[in-house]
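Presented below is the structure to which this report refers.
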Amino acid sequence: MTKRTIIIEPDPILRKKSDAIEKVDDELRKLMDEMLETMYEAPGIGLAAVQIGILKRLIVIDISKEEKKNPIFLINPEIITKSKNKSVYEEGCLSLPGQFAEIERPAECLIKYLDYQGKQKELKATGLMATCVQHEIDHLNGVLFIDYLSKLKKDMIIKRLQKKKKEFKKNIL
Ligand code: GNR
Ligand code: NI
């Protein structure tokens, strides 16, 4: 299995809308396996395909604690319903390394998706799972958690990341 490179903001790819997947085959499952490995390696609790530069509506999530792994693959995920009550989590993003902010989202949601085998499934997400799945579906629509912050805070984070990227480029030259 291969670990892929995660794309860091600012990058226009992260702002693109991903395309629906038409068929669930072995090639797609290979990509999902690679995404999972990349996510575990990072480490993170979720990853959207766009974060490795693939504009497909595909996400992997594993919010379980180390030992017992419980990966969930979601193909073409759609939010069916969202609760009115909200919850706040401190969010991070593998595409925004070192940046964190408290984000308010619906506390619960119902998701429709295709699983690893291409079977239609539903998931009632609560707690961290609800936050994570909404964070990932946002990625599929070109949305990052910093988009929910004030322009001032958002610009500050983008500036910091831009600076880090420049320094990184200088170091590898
Ligand atoms: O690893 C991750 N942790 C996290 C914490 C709080 C809310 C959302 C997340 S998702 C993030 C991985 C990631 O960037 N997924 O797109
Ligand atoms: Ni993210």
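Read left to right, the sequence shown gives residues 1461 to 1633 (this note's numbering).
Just so you know, even glycine gets a beta-carbon here, dropped at the ideal spot from N, CA and C.
Under a Cβ-count criterion, where at least 16 other Cβ atoms within 10 Å of its own Cβ denotes burial, should residue i be classed as buried or exposed?
i: residue 1538; result: exposed
i: residue 1585; result: buried
i: residue 1548; result: exposed
i: residue 1632; result: exposed
i: residue 1555; result: buried
i: residue 1628; result: exposed
i: residue 1541; result: exposed
i: residue 1530; result: exposed
i: residue 1560; result: exposed
i: residue 1615; result: exposed
i: residue 1487; result: exposed
i: residue 1504; result: buried
i: residue 1517; result: buried
i: residue 1551; result: buried
Relative to the alpha-carbon of residue i, which residue among the options has its alpha-carbon at the smallest distance?
i: residue 1576; options: 1485, 1512, 1468, 1511; result: 1485
i: residue 1492; options: 1470, 1612, 1512; result: 1512
i: residue 1463; options: 1472, 1621, 1543, 1501; result: 1501
i: residue 1477; options: 1619, 1542, 1466, 1598; result: 1598
i: residue 1676; options: 1565, 1570, 1571, 1507; result: Residue 1676 falls outside the range modelled here, since the chain spans only 1461 to 1633, and no answer is possible.
i: residue 1565; options: 1553, 1605, 1509; result: 1605
i: residue 1580; options: 1544, 1590, 1535, 1619; result: 1535
i: residue 1472; options: 1532, 1546, 1514, 1518; result: 1514
i: residue 1483; options: 1562, 1571, 1578; result: 1578
i: residue 1596; options: 1625, 1528, 1523; result: 1523
i: residue 1521; options: 1550, 1590, 1481, 1569; result: 1590
Please determine whether the Cβ atom of residue i lies at a distance below 7 Å from any heavy atom of ligand 3.
i: residue 1621; result: Ligand 3 is not part of the structure shown, which contains ligand 1 and ligand 2 as its ligands.
Within a Cβ cutoff of 8 Å, which residues of the same chain sit near residue i, ignoring the five residues on either side of it in sequence?
i: residue 1622; result: 1470
i: residue 1718; result: This structure leaves residue 1718 out entirely; the chain is present only between 1461 and 1633.
i: residue 1474; result: 1467, 1510, 1511, 1555, 1599, 1602, 1604
Can you name the residues that DSSP bridges to residue i?
i: residue 1479; result: 1516
i: residue 1548; result: 1564
i: residue 1535; result: 1518, 1574
Using a Cβ-Cβ cutoff of less than 6 Å, which residues in the same chain neighbour residue i once the five nearest sequence positions on both sides are dropped?
i: residue 1510; result: 1478, 1599
i: residue 1582; result: 1572
Enumerate in chain order the residues of its own chain whose CB-to-CB distance from residue i is below 7 Å, with the five nearest sequence positions on each side excluded.
i: residue 1617; result: 1556, 1559, 1606
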